[in-house]
Structure formats: structure tokens, C-alpha cells
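Inspection log for the structure reproduced underneath, given as C-alpha cells.
Numbering (my numbering), first residue to last: 1 to 130.
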């Protein structure tokens, strides 16, 4: 399996492994991957992978329209085959996408990601969660 390693911040962090999580990526609000680490679990041609990530971004964008009425989205979960795709919107507009094995407790993954971000002030150049 190919390994994703992009060039800057996320790949330089020593302890971002979460049991059962195969990859973590950061996407901008347009669905473009900014950073990624782990096994390339989204086995799609590049153009389809871009559309897949844009779809996740679009989902979160549309959901933000209802934040004032029914509270902001904490995370979204999609299960496909043997994988769980857990997308977590951040206050700065980016989205963290964790791809985990199907048996993994997705609530624990979300908690670990939030804890990791809170503990890494320089993760994206700013503190993401207060």
C-alpha cells in the first residue's frame, strides 16, 4: 500500500498515530488536501479522489447553514466497505479527515483528533479549538 506523506507540519509531528486509523488528512474548505499522513486508503484515480474530497467539503459547507438553528456539526461519519471516513470540521474552515478500520470506535477517533489538535498549537499555524 502506498504511504501518504506530504511536506510540512502534519508529517513532522512525532505522535499522531491513533490505533485503527489508517490515514489522516487536512483539507481546505474547497476539498483540496493540504496535508496527509498514513496509508493511502482512498484508492481512486486522482481526479475521482479530488471529487470525493470536494464532496466531503461541500457536505460540511451546506451543514454550516444550520449551525445557528441546530448547533454546529461536530463530525460526520461515512462507512464504506471495511473503512470509516470521519470528517471533523475545524473553526478555521479546514476539515480533518480520518480514515479508520470499520471496527474502530469513531467517537474515540474524534476525541483523539481533537486532543491532538489542542496539543499541537503549531499544527496549522494556529490553535484550532478553544
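Don't be surprised by glycine CBs; every beta carbon is placed ideally from N, CA and C.
- [ ] Tell me whether the beta-carbon of residue 100 lies closer than 7 angstroms to the beta-carbon of residue 39.
- [x] The Cβ atoms of residue 100 and residue 39 do not sit closer than 7 angstroms to each other.
Task: Cβ-based neighbour list, residue 34, same chain, cut-off 6 angstroms, excluding 5 preceding and 5 following - done: For residue 34, where only same-chain residues beyond five positions count, the Cβ hits under 6 angstroms are 26, 28.
- [ ] State yes or no: is the C-beta of residue 77 within less than 7 angstroms of the C-beta of residue 86?
- [x] Contact: yes.
Open item on the list: Quick check on the burial criterion: 16 or more other C-beta atoms within 10 angstroms. Buried or exposed for residue 31?
Closed with: With 16 or more Cβ atoms within 10 Å of its Cβ, residue 31 is classed as buried.
Open item on the list: Looking at residue 154: is its Cβ nearer than 7 angstroms to the Cβ of residue 24?
Closed with: Not covered by the structure: residue 154. The range shown for the chain is 1 to 130.
Open item on the list: Tell me the rounded alpha-carbon separation between residue 49 and residue 43.
Closed with: Here the alpha carbon of residue 49 sits roughly 8 angstroms from the alpha carbon of residue 43.
Task: Beta-carbon separation (whole angstroms), residue 88 vs residue 110, contact threshold 8 angstroms - done: The pair is a contact, with the Cβ atoms about 6 angstroms apart (cut-off 8 angstroms).
Task: Cα-Cα separation, residue 60 to residue 18 - done: Distance from the CA atom of residue 60 to the CA atom of residue 18, rounded to whole angstroms, is 23 angstroms.
- [ ] Compute the Euclidean distance between the alpha carbons of residue 118 and residue 45, then round it to the nearest angstrom.
- [x] When rounded, the separation of the alpha-carbon atoms in residue 118 and residue 45 is 33 angstroms.
Open item on the list: With a threshold of 7 angstroms on Cβ separation, who are the neighbours of residue 75 within its own chain once the five nearest residues in sequence on each side are excluded?
Closed with: Sequence-distant partners of residue 75 (beyond 5 residues in either direction) whose C-beta falls short of 7 angstroms from its own C-beta, in its chain, are 86, 87, 88, 110.
Open item on the list: Once the 5 residues before and after residue 102 are set aside, which same chain residues still bring their CB inside 8 angstroms of it?
Closed with: Within the same chain, residue 102 has close Cβ partners 79, 81, 82, 83, 84.
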